[in-house]
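Report on the following structure.
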Amino acid sequence: YTDVLTYTPENEHFGIVPLEAMYMGCILLACNSGGPTESIVHGETGFLLEADNVDQWGNQIHEIYFDKSNSQLLDKMKLNAKKRVEDVFSFKAFGDKLNEYTTITS
């Protein structure tokens with residue numbers, strides 16, 4: 236089990252790894268491009284960072300582990316991340332969306 240996952244592929248397709256991490260309550264750091272921009276809400280369910288800005292990545296990791304004033308925010312972020320996966324990306328969410336579309340087109 237881990238607290239933080241860094242997902243570094245730039246311009247990656249949607250990808251399942253960010254969703255799995257979010258569901259398990261990891262704080263996710265990912266590139267601000269490609270699929271993660273659909274799954275992560277910056278500052279609410281994880282962090283979207285510039286791929287080539289190593290200082291930004293390092294500072295964010297340092298803040299997560301050493302800035303104790305953020306502990307409540309980080310705990311809330313973990314809960315928000317799991318809720319987003321359940322609300323937007325779960326089989327139930329997909330089924331509800333499909334049902335909505337088929338009802339509209341019927």
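The opening residue of the sequence shown carries number 236 in the working numbering; numbering runs sequentially from there.
No residue lacks a Cβ here, since even glycine has one placed at the ideal position from N, Cα and C.
Since we're looking at a predicted model, the values are computed, not measured.
| Item | Value |
| --- | --- |
| Exposure of L280, with buried meaning 16 or more beta-carbon neighbours within 10 Å | Looking at the sequence itself, residue 280 is Thr, so the reference to Leu does not match. Buried: at least 16 other Cβ atoms inside 10 Å. |
| Enclosing alpha helix (DSSP H) for A265 [first to last residue] | Per DSSP, A265 belongs to no alpha helix (DSSP H); it is in the beta strand (DSSP E), 262 to 266. |
| Under the three-state DSSP convention, the category T338 falls into | helix |
| Best match in H248, L240, S306 for proximity to M259 [C-alpha to C-alpha] | L240 |
| Nonlocal neighbours in the same chain, by C-beta distance under 8 Å from Y242, ignoring five residues either side | G250, V252, P253, A256, L263, L264, A265, C266, P271 |
| DSSP-derived helix/strand/coil call for F282 | strand |
| For H248, three-class secondary structure by DSSP | coil |
| Same chain only: Cβ atoms within 8 Å of D290, ignoring 5 sequence neighbours per side | none |
| Given E245 as reference, the closest of G269, M312, I339, H277 once Cα atoms are compared | G269 |
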